[in-house]
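Notes follow once the structure below has been shown.
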Amino acid sequence: MKKILAIIMAVVLCMTIAGCSAPTENAADTNEYDVGGTLNLYTWEGMFPQEILDGFAEETGIDIIYNNFDFDETMLAKLQAAGGGDYDLVIADDYIIEMAIAEGLVQKLDKSKIPSLGNVNPVYTKQFFDPTDEYTVPYGAGVQTIIYDPALFDVEIKGYADLWNAAFEDNVGLIGNYRVIDGMALKVMGESYNTEDTAVIEAAGQKLLELAPNIRLIKDEGLQEDLISGEVGAGVVYTSQVTMAKMAKPELEIVYPEEGLGFGIMSGFIPSQAPNPNAAHAFLEYILDPERAAACFEFLGYYCTTLPAEEFIAEDMKEFLTIPSDFDTSKMEMIENVSAETLELHEQIWTAFKAECE
Amino acid sequence: MFILSFLTRGETWGVVWDFTAENYANIFEPVYLETFWESLKLAFISTGFVILLGYPFGYFMAKLTRKWKSRMMMFLMIPFWTSSLIRLYGWIVIFRANGTLDSFLMGTGLTSEPLKLLYTYPAVVVGMIYALLPFMIFAVYSSAEKLDMSLVEAARDLGASRWRAFLTVSLKLTLPGLLSGVILTFVPSMGLFFIADILGGSKVVLIGNVIQDQLMKTHNWPFAAALAVALMLITTLFMVLYRKITKVKDLEGIV
Chain A
1 MKKILAIIMA VVLCMTIAGC SAPTENAADT NEYDVGGTLN LYTWEGMFPQ
51 EILDGFAEET GIDIIYNNFD FDETMLAKLQ AAGGGDYDLV IADDYIIEMA
101 IAEGLVQKLD KSKIPSLGNV NPVYTKQFFD PTDEYTVPYG AGVQTIIYDP
151 ALFDVEIKGY ADLWNAAFED NVGLIGNYRV IDGMALKVMG ESYNTEDTAV
201 IEAAGQKLLE LAPNIRLIKD EGLQEDLISG EVGAGVVYTS QVTMAKMAKP
251 ELEIVYPEEG LGFGIMSGFI PSQAPNPNAA HAFLEYILDP ERAAACFEFL
301 GYYCTTLPAE EFIAEDMKEF LTIPSDFDTS KMEMIENVSA ETLELHEQIW
351 TAFKAECE
Chain B
1 MFILSFLTRG ETWGVVWDFT AENYANIFEP VYLETFWESL KLAFISTGFV
51 ILLGYPFGYF MAKLTRKWKS RMMMFLMIPF WTSSLIRLYG WIVIFRANGT
101 LDSFLMGTGL TSEPLKLLYT YPAVVVGMIY ALLPFMIFAV YSSAEKLDMS
151 LVEAARDLGA SRWRAFLTVS LKLTLPGLLS GVILTFVPSM GLFFIADILG
201 GSKVVLIGNV IQDQLMKTHN WPFAAALAVA LMLITTLFMV LYRKITKVKD
251 LEGIV
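First to last, the protein sequences are chains A and B. For what it's worth, this note's numbering labels the leading residue of the first sequence as 1, then goes sequentially. For what it's worth, this note's numbering labels the leading residue of the second sequence as 1, then goes sequentially.
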């Protein structure tokens, strides 16, 4: 009796393991229906409001299959395994798109099928990952900003350097993005995010260790919750988190660090072997419409990359979704891919920093 | 994975088929050695607490009446019906500023202001104990249940004190359960890095965190593989050592 039970348990276990790999198979299965018009969208969860997805399906008759990934890296690994197929449209971060293009997994856009391409805000075009704008259409941009509760501290925050102040002891939350946080120390030292100088990066590592006593928490997702609940008084956060935190707790103050801003762009691209590129082009065109784009960015909480959409954004959200008009864009710098050795060093100073925080 | 650990990373993405031992040499960077040490330390601390709490629990549970035994079993099983991640978020609700525990302590007047409990080392240890305790209880329970109480009575009749009877008879006979409980807690505790992330605010860096970073952020799969192999070796080493010292061959509850 026990043996039979054990066998049943083993079979169940096998089935659950097989179940874990099912999504990719499903994606492959659906391909045969694509002639009838299916858009296999591959991006993070919660990138589009439901009414936009439904509206697109209704207007074009193209069914959207929304596949999501949690990390850019997962996306690239899957896309590579699928040989650039399976998905029609991928929306991901800038640096990973550069890698995907280098791996030959991206096809050039057919710009005649996206007449509204001119709606893209020129600030976000011709960037390092796609210098000639041949492959990508930006969808949302973010900057790393400081946000804090001025009532809790006597000192005013103007830039990253102020976070080193002892007044913030055990009260700062950071996003878990090592290039951003290592870069913060680099910025305080007046260096570039993308420096390849190992001595400079090591010095930044030392600088970071001095910040450790002030760090209460490092986490990538949901850091705004800790700012809202008062678990931390100050934080270095992503744009979407700034939007959520400010909406819930208006007394928080946003600081655009005087040392300069790091920013990132999310963009859509069409994989090289996409089963239904026409549907992808149609969707990109659909979301470039100013009114629809405004609805998307209000939902998404990132900076609006579609210029004419800005006037359709609700007044109370405009502050969070557009670059401040007095903003010095020359101080903005994108975080680009660096050599493997440099990346290794970044990871090392980051690990040392996290361990020092405890 | 073993093969992967000897390959070289690609310049931007993927792996190149160049054999090298450099990944293993990299492990000896002080930063990474320290994370191994940190993992071991946390594993020992959690296992220690789990023994202290789990052994008496399992032991006395075996002495309950049949009806209460099955009820206790039920109570222990119910939490497993929800995902472990969700249960961890429950601890956040308890620990966070002005959370359940804070409100209780302030309500009773023991503390006057919110304690910073979340994102600390003790919070991580509590999370580890919580996750691992049931394994110890079940292991001890299964061997304590088989314990023939007449042997203890015989020892008492022959003049042994309560303690002596426990140490020489009960403990000896339930030792296999305790020892397999130790294995069942120690081995997984080396790998439960997400507890350190969620309850420790990523400040307690375990070897699992480094492996995850190397996989997801640095894209250095060969190095991640090398770290994982090293972790397996260490765990195996400890298990072998443990068997040598305790001379246990069959582990109750596992085999």
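We treat Cβ as the ideally placed atom computed from N, Cα and C, and that holds for glycine.
| field | Simplified DSSP assignment, three categories, for Gly268(A) | value | Residue state, collapsed to three classes: strand.
| field | the stretch 216–236 of chain B: positions lying closer than 9 Å to chain A by Cβ | value | Listed in sequence order: Met216, Lys217, Thr218, His219, Asn220, Phe223.
| message | Just to confirm the assignment, what range does the alpha helix (DSSP H) spanning Val140(B) have? | response | Per DSSP, Val140(B) belongs to the alpha helix (DSSP H) from 121–145.
| said: Under 8 Å, Cβ to Cβ, is there at least one residue of chain B near Ile218(A)? | reply: Chain B contact via Cβ: present.
| query | Quick one: is Tyr135(A) near chain B, going by C-beta distance under 8 Å? | reply | False, the Cβ-Cβ gap to chain B never drops below 8 Å.
| request: Output the distance between the C-alpha atoms of Phe80(B) and Tyr130(B), rounded to the nearest integer angstrom. | output: Looking at the two C-alpha atoms, the distance is approximately 12 Å.
| query | Considering only residues of the stretch 187–231 of chain B, which uninterrupted alpha helix (DSSP H) runs meet the minimum length of 4 residues and lie entirely inside it, listed in chain order? | reply | DSSP runs (the alpha helix (DSSP H)) wholly in the stretch 187–231 of chain B: 193–200, 207–216.
| field | Interface residues of chain B facing Asn68(A) [CB-CB closer than 8 Å] | value | Within chain B, no residue comes near Asn68(A); the closest Cβ sits about 16 Å away, beyond 8 Å.
| task | Output yes if chain B places a C-beta closer than 8 Å to the C-beta of Tyr139(A); else output no. | result | Taking a beta-carbon distance threshold of 8 Å, Tyr139(A) does not count as an interface residue toward chain B.
| query | Does the beta-carbon distance from Ala293(A) to Thr306(A) come in below 8 Å? | reply | It is a contact, given that the beta carbons lie within the stated cut-off.
| request: Check each candidate in Glu251(A), Ser116(A), Phe283(A), Gln241(A) and name the one with the smallest Cα separation from Asp149(A). | output: Comparing Cα positions, the closest option is Glu251(A).
| Through-space distance from Leu115(B) to Gly233(A), alpha-carbon basis | Straight-line Cα distance between these residues: approximately 15 Å.
| Distance CB(Glu231(A))-CB(Arg96(B)) smaller than 8 Å | Taking 8 Å as the Cβ cut-off, Glu231(A) and Arg96(B) qualify as a contacting pair.
| Local Cβ density within 10 Å of Val93(B), reported as buried at 16 or more and exposed below that | By the Cβ neighbour-count rule, Val93(B) is exposed, with fewer than 16 other Cβ atoms within 10 Å of its own.
| Among residues of its own chain, excluding the 5 on either side of Pro134(B), which ones have a beta-carbon nearer than 7 Å to its beta-carbon? | Hits under 7 Å: Leu76.
| task | Identify, in the order they occur along the chain, each residue of the same chain with its Cβ nearer than 6 Å to the Cβ of Arg156(B), setting aside the five sequence neighbours on each side. | result | Ala165, listed in sequence order.
| task | Give me the Cα-Cα distance between Ala309(A) and Glu291(A), rounded to the nearest whole angstrom. | result | In a straight line, the C-alpha of Ala309(A) is about 6 Å away from that of Glu291(A).
| Pro275(A) classed as buried or exposed, judged by whether at least 16 other C-beta atoms fall within 10 angstroms | With 16 or more other Cβ atoms from the protein chains shown falling within 10 Å of its own Cβ, Pro275(A) counts as buried.
| request: Can you check DSSP and say which residues form a bridge with Val398(A)? | output: Chain A is shown only over 1 to 358; residue 398(A) falls outside these bounds and no answer can be derived.
| task | Using 10 angstroms around the beta-carbon of Gly104(A), count the other beta-carbons present and answer buried if the total reaches 16, otherwise exposed. | result | Around the beta carbon of Gly104(A), fewer than 16 other beta carbons sit within 10 angstroms, so the residue counts as exposed.
| said: So for Ile287(A), helix, strand or coil by DSSP? | reply: In the displayed model, Ile287(A) falls within a helix according to three-state DSSP.
| Could one say the Cβ of Gly253(B) lies closer than 8 Å to chain A's Cβ atoms, at least one of them? | Interpretation of Gly253(B) is limited by its pLDDT of 48, a score under 50 that renders its predicted location unreliable; the figure taken from the coordinates is listed afterwards. It does not: the Cβ of Gly253(B) has no partner Cβ on chain A nearer than 8 Å.
| Minimum length 3: unbroken beta strand (DSSP E) runs contained in the stretch 67–115 of chain B | Within the stretch 67–115 of chain B, there are no complete beta strand (DSSP E) runs of at least 3 residues.
| Local conformation of Asp70(A) per DSSP, three classes | Here Asp70(A) sits in coil by DSSP.
| request: Say whether the stretch 166–179 of chain A touches the stretch 234–241 of chain A, bearing in mind that this needs 3 or more beta-carbon pairs closer than 8 Å, one atom from each stretch. | output: A contact is defined here as three or more CB-CB pairs under 8 Å, and the stretch 166–179 of chain A meets this definition with respect to the stretch 234–241 of chain A.
| field | Cα-Cα separation, Val35(A) to Phe36(B) | value | Caution is warranted here: a pLDDT of 39 is assigned to Val35(A), below 50, making its placement in the model unreliable, and the coordinate value is therefore given only provisionally. If I take the Cα positions, the gap works out to 53 Å.
| field | Member of Ile65(A), Gly61(A), Asp54(A) whose CA lies at the smallest distance from the CA of Tyr42(A) | value | Among Ile65(A), Gly61(A), Asp54(A), the Cα nearest to that of Tyr42(A) is on Ile65(A).
| task | Please decide whether Val204(B) counts as near chain A, where near means a Cβ-Cβ distance under 8 Å. | result | For Val204(B), the answer is yes, since a Cβ of chain A falls inside 8 Å of its Cβ.
| query | What are the residues of the stretch 323–355 of chain A that lie near chain B, defined by any Cβ-Cβ distance shorter than 9 Å? | reply | Residues passing the 9 Å Cβ filter: Asn337, Ser339, Ala340, Leu343, Glu344, His346, Glu347, Gln348, Ile349, Trp350, Thr351, Ala352, Lys354, Ala355.
| Counting only beta-carbon atoms, is Ile215(A) nearer than 8 Å to chain B? | With 8 Å as the cut-off, Ile215(A) counts as an interface residue toward chain B.
| task | Note down, in chain order, each residue of its chain lying with its Cβ closer than 7 Å to the Cβ of Gly84(A), except the 5 sequence neighbours on either side. | result | Closer than 7 Å at Cβ, skipping near neighbours: Leu105, Pro271, Ser272, Gln273.
| Between Phe56(A), Leu89(A), Tyr160(A), which lies nearest to Glu259(A) when the distance is taken from Cα to Cα? | The shortest Cα separation from Glu259(A) among Phe56(A), Leu89(A), Tyr160(A) belongs to Tyr160(A).
| request: Identify, in the order they occur along the chain, each residue of the same chain with its Cβ nearer than 6 Å to the Cβ of Tyr95(A), setting aside the five sequence neighbours on each side. | output: Closer than 6 Å at Cβ, skipping near neighbours: Asn337.
| said: Counting only Cβ pairs nearer than 7 Å, list the residues of chain A close to Gly201(B). | reply: Within 7 Å Cβ-Cβ: Arg216, Leu217, Ile218, Lys219.
| said: Using a Cβ-Cβ cutoff of less than 6 Å, which residues in the same chain neighbour Lys207(A) once the five nearest sequence positions on both sides are dropped? | reply: Around Lys207(A): Ala185.
| field | Outcome for Asn98(B) when other beta-carbon atoms lying within 10 angstroms are tallied against a minimum of 16 | value | Burial call: exposed.
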